[in-house]
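Top line first, the protein sequences correspond to chains A and B.
All residue numbers for the first sequence refer to numbering that gives the first Met the number 0, where the first residue is 0 and numbers rise by one.
All residue numbers for the second sequence refer to numbering that gives the first Met the number 0, where the first residue is 0 and numbers rise by one.
Number of protein chains: 2
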Amino acid sequence: MKDARKLVESYPRVPITVDCVIFGFDENELKVLLIRSDLELFKDKWSLLGDFADDNEILDDSAYRVLRERTGMDDVYLEQVKTFSKPNRHPGGRVLTVAYCSLLNIEHHQLKKMDNELHWHSVKTIKDMAFDHHEILNECYAWLQKRIQEHPLGFNLLPEKFSLRELQNLYEAILDRKMDRRNFRKKFFAMDFLIDTGLYEDDVPHRPGKLYQFDFKKYGDTKKKWSGIDF
Amino acid sequence: MKDARKLVESYPRVPITVDCVIFGFDENELKVLLIRSDLELFKDKWSLLGDFADDNEILDDSAYRVLRERTGMDDVYLEQVKTFSKPNRHPGGRVLTVAYCSLLNIEHHQLKKMDNELHWHSVKTIKDMAFDHHEILNECYAWLQKRIQEHPLGFNLLPEKFSLRELQNLYEAILDRKMDRRNFRKKFFAMDFLIDTGLYEDDVPHRPGKLYQFDFKKYGDTKKKWSGIDF
DNA sequence: TCAAAAGTGTTATAGTTACACCCATGA
DNA sequence: TCATGGGTGTAACTATAACACTTTTGA
Numbered sequence: 000m001k002d003a004r005k006l007v008e009s010y011p012r013v014p015i016t017v018d019c020v021i022f023g024f025d026e027n028e029l030k031v032l033l034i035r036s037d038l039e040l041f042k043d044k045w046s047l048l049g050d051f052a053d054d055n056e057i058l059d060d061s062a063y064r065v066l067r068e069r070t071g072m073d074d075v076y077l078e079q080v081k082t083f084s085k086p087n088r089h090p091g092g093r094v095l096t097v098a099y100c101s102l103l104n105i106e107h108h109q110l111k112k113m114d115n116e117l118h119w120h121s122v123k124t125i126k127d128m129a130f131d132h133h134e135i136l137n138e139c140y141a142w143l144q145k146r147i148q149e150h151p152l153g154f155n156l157l158p159e160k161f162s163l164r165e166l167q168n169l170y171e172a173i174l175d176r177k178m179d180r181r182n183f184r185k186k187f188f189a190m191d192f193l194i195d196t197g198l199y200e201d202d203v204p205h206r207p208g209k210l211y212q213f214d215f216k217k218y219g220d221t222k223k224k225w226s227g228i229d230f
Numbered sequence: 000m001k002d003a004r005k006l007v008e009s010y011p012r013v014p015i016t017v018d019c020v021i022f023g024f025d026e027n028e029l030k031v032l033l034i035r036s037d038l039e040l041f042k043d044k045w046s047l048l049g050d051f052a053d054d055n056e057i058l059d060d061s062a063y064r065v066l067r068e069r070t071g072m073d074d075v076y077l078e079q080v081k082t083f084s085k086p087n088r089h090p091g092g093r094v095l096t097v098a099y100c101s102l103l104n105i106e107h108h109q110l111k112k113m114d115n116e117l118h119w120h121s122v123k124t125i126k127d128m129a130f131d132h133h134e135i136l137n138e139c140y141a142w143l144q145k146r147i148q149e150h151p152l153g154f155n156l157l158p159e160k161f162s163l164r165e166l167q168n169l170y171e172a173i174l175d176r177k178m179d180r181r182n183f184r185k186k187f188f189a190m191d192f193l194i195d196t197g198l199y200e201d202d203v204p205h206r207p208g209k210l211y212q213f214d215f216k217k218y219g220d221t222k223k224k225w226s227g228i229d230f
């Protein structure tokens, strides 16, 4: 025990931060939540929501803490994506950062704090980001594109009740590609995770679509089996 | 610039290590390379190959360094998998570790150093591991199972020239499931990344199989397009 | 009555699964 | 000549892709 402590004390130590890439969906666009950087050096640039990791805090908790502190929400989807370690990525010296992705429903969350000009930016057009945050955003976006095709993450970005058009718009925005409407519907109905609420869209200047909910419970009970080699 | 440095100096600092999960394939089994732990506390337990991250070293380089130091190889497949941060994962105090997966061809690498009883262990049966290394191994194994179905990583574990039986044994071992031989062959021939060397197995007590090479160049030129929602 | 999006089905193609026999080799 | 694994094809099934018209609503 003593030698373990001694060994650890001999290690170089590095400051650790977490950066949350918080995706949202609004106006048929994938958005990401950013603030103005705290640093004078980056005062005109946009920054991911980050903070250093507290002592004795597991990094997942740090990420939830950042979310809570910045947005007031904590019941959201959150997953570790990748650790970034370029020695010069922070102008103040070496800082290692662990990127987390979070997806949150813009409608269900009016931002309470607007410190540092916190607001949503279009993922496709954002530039001028602080640190290596653009690289982090790009990796998280690629991660999201892949993940959303394997897991039903997308529903975290939508209102609880949504139309199939909204769902398809979300997929088209994230994957940046048009899809066939009939095949899209067929696919999702075949999965059988959509609950027909019996409700319809309102206030739309055209025939209202049915509203559905995602059946998280049924999905949780089902085990996805991986199969098929494909590359 | 000054305020940036000041800010960073105010952060808590954490020792960082990398741990390499080095997979190999031998005797139709997936193996992992382990050593006896350095720590007295874990003297009967097996440990992944790790080391602390040097100052000003990007973590990918730390992982390559660990590989080189422990095995003498550096032209191998290596990828970051996940960062582990439980505050009590190391008995000497908080240590954060970044897990990397490496795949290396056992035949092409006779271990030069055998310090700390370095040797290959069967992934399926290993237990009694130091720290949280069993958890790390499990996550890396799950990662490998998924990855190998999407990318041709497996070839890094085989001799340069291999028979289709060896290739199938590898997939069956990693995915832990039997596959149909005819369909397996059809699949790989259809991909068209196998080069027929014109050579045959030798010293086998049955009809010798053809030996193939993987066409890394052709694969590199091809871009995989992701398509299809599936969960 | 018009504009706009909802809703719906079929056909062709590609991929996946399941399955059995003959062949080449060394012992 | 035997044991062992190599090598091969087909048929049923499932998933995917392409494609156009009618319906409902609000303005």
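By construction, the Cβ of each residue, glycine as well, lies at the ideal position given by its N, Cα and C atoms.
Here the structure is a predicted model, which means the values were calculated and not measured.
| If we cut at 8 Å on Cβ distances, does A/V20 have a partner in chain B? | On the first sequence, residue 20 of chain A is found 21 positions in, with the first residue counted as 1. Not closer than 8 Å to any Cβ of chain B, the Cβ of A/V20 fails to qualify, so no.
| message | Please report whether the beta-carbon of A/H133 lies at a distance below 8 Å from any beta-carbon of chain B. | response | Taking the first residue of the first sequence as position 1, residue 133 of chain A is located at position 134. Under the 8 Å criterion on CB atoms, A/H133 is classed as non-interfacial with respect to chain B.
| At least three beta-carbon pairs within less than 8 Å, the segment 151 to 160 of chain B to the segment 128 to 135 of chain B | Judged by Cβ distances under 8 Å, the segment 151 to 160 of chain B makes no contact with the segment 128 to 135 of chain B, as fewer than three pairs qualify.
| Closer than 7 Å, Cβ to any Cβ of chain A: which residues of the segment 145 to 163 of chain B, in chain order? | Within the segment 145 to 163 of chain B, the residues whose Cβ lies closer than 7 Å to any Cβ of chain A are, in chain order, K145, Q148, E149, H150, P151.
| task | Within 10 angstroms of the Cβ of A/R93, are there 16 or more other Cβ atoms? Answer buried if so, exposed if not. | result | In the first sequence, counting from the first residue as 1, residue 93 of chain A sits at position 94. Classification for A/R93: buried.
| request: With B/H118 as the anchor, note down where its beta strand (DSSP E) starts and where it stops. | output: Here residue 118 of chain B is taken as the residue at index 119 of the second sequence, counted from 1. Unbroken beta strand (DSSP E) run through B/H118: 118 to 121.
| If you follow the beta strand (DSSP E) that A/G49 is part of, which residue opens it and which one closes it? | As a working mapping, residue 49 of chain A is identified with position 50 in the first sequence. Counting along the chain, the beta strand (DSSP E) containing A/G49 begins and ends at 48 to 51.
| So is A/Y211 buried or exposed if we call it buried at 16+ other beta carbons inside 10 Å? | Here residue 211 of chain A refers to the residue found at position 212 when the first sequence is read from its first residue. Per the 10 Å Cβ criterion, buried.
| message | Judging by CA-CA distance, which residue of B/D229, B/G197, B/I34, B/F24 is the nearest neighbour of B/A172? | response | As a first step, residue 172 of chain B must be located in the second sequence, where it is residue number 173. By alpha-carbon distance to B/A172, the top candidate from B/D229, B/G197, B/I34, B/F24 is B/F24.
| With a Cβ-Cβ cutoff of 8 Å, do B/Y99 and B/V17 count as a contact? | Position 100 of the second sequence, counted from the first residue, corresponds to residue 99 of chain B. Position 18 of the second sequence, counted from the first residue, corresponds to residue 17 of chain B. Going by C-beta atoms, B/Y99 is nearer than 8 Å to B/V17.
| request: Give every residue of the same chain whose Cβ lies closer than 8 Å to the Cβ of A/L136, excluding the five residues on either side of it in the sequence, and list them in chain order. | output: Indexing the first sequence from 1 puts residue 136 of chain A at position 137. Closer than 8 Å at the Cβ level, and outside the excluded window around A/L136, lie V20, V31, L47, V122, I125, M128.
| task | Starting from A/K85, find everything on chain B with Cβ-Cβ shorter than 7 Å and list it in chain order. | result | The residue given as residue 85 of chain A occupies position 86 in the first sequence. Within chain B, the C-beta atoms nearer than 7 Å to that of A/K85 come from I57, in chain order.
| Tell me which same chain residues have a C-beta within less than 6 Å of the C-beta of A/V97, skipping the five on either side of it? | Residue 97 of chain A sits at position 98 when you count from the first residue of the first sequence. Closer than 6 Å at the Cβ level, and outside the excluded window around A/V97, lie V17, L58, T82.
| task | Please confirm whether B/D229 and A/E149 have their CB atoms less than 8 Å apart. | result | Residue 229 of chain B sits at position 230 when you count from the first residue of the second sequence. Residue 149 of chain A sits at position 150 when you count from the first residue of the first sequence. Closer than 8 Å, so yes.
| said: Helix, strand or coil for B/K42? Go by DSSP, reduced to three states. | reply: The sequence position of residue 42 of chain B within the second sequence is 43, counting from 1. It is coil, neither helix nor strand.
| Is it buried or exposed for B/L198, if we count other Cβ within 10 angstroms and need 16 for buried? | As a first step, residue 198 of chain B is located in the second sequence; it is residue number 199 there, counting from the start. Burial call: exposed.
| request: To the nearest angstrom, report how far apart B/E165 and B/P204 are at their CA atoms. | output: Reading the second sequence from its first residue, position 166 is the one you call residue 165 of chain B. Reading the second sequence from its first residue, position 205 is the one you call residue 204 of chain B. In a straight line, the C-alpha of B/E165 is about 15 Å away from that of B/P204.
| message | Is there a C-beta anywhere in chain B that falls below 8 Å from the one on A/R35? | response | Looking up residue 35 of chain A in the first sequence gives position 36. Taking Cβ atoms only, chain B never reaches closer than 8 Å to A/R35, which makes this a no.
| Are the C-beta atoms of A/V122 and some chain B residue less than 8 Å apart? | Translated into the one-based positions of the first sequence, residue 122 of chain A becomes position 123. Taking Cβ atoms only, chain B never reaches closer than 8 Å to A/V122, which makes this a no.
| If we ignore side chains and look at the alpha-carbon of each, how far apart do A/F188 and A/K85 end up? | In the first sequence, the residue the question calls residue 188 of chain A occupies position 189. In the first sequence, the residue the question calls residue 85 of chain A occupies position 86. A straight-line Cα-Cα distance of about 45 Å links A/F188 and A/K85.
| query | Cα separation between A/T221 and A/H120? | reply | Along the first sequence, one-based indexing puts residue 221 of chain A at 222. Along the first sequence, one-based indexing puts residue 120 of chain A at 121. Distance between the alpha carbons of A/T221 and A/H120: 35 Å.
| Residues of chain B with a CB under 9 Å from the CB of A/D54: which are they? | The residue labelled residue 54 of chain A in the question sits at position 55 within the first sequence. Simply P11, V13, P86, R93.
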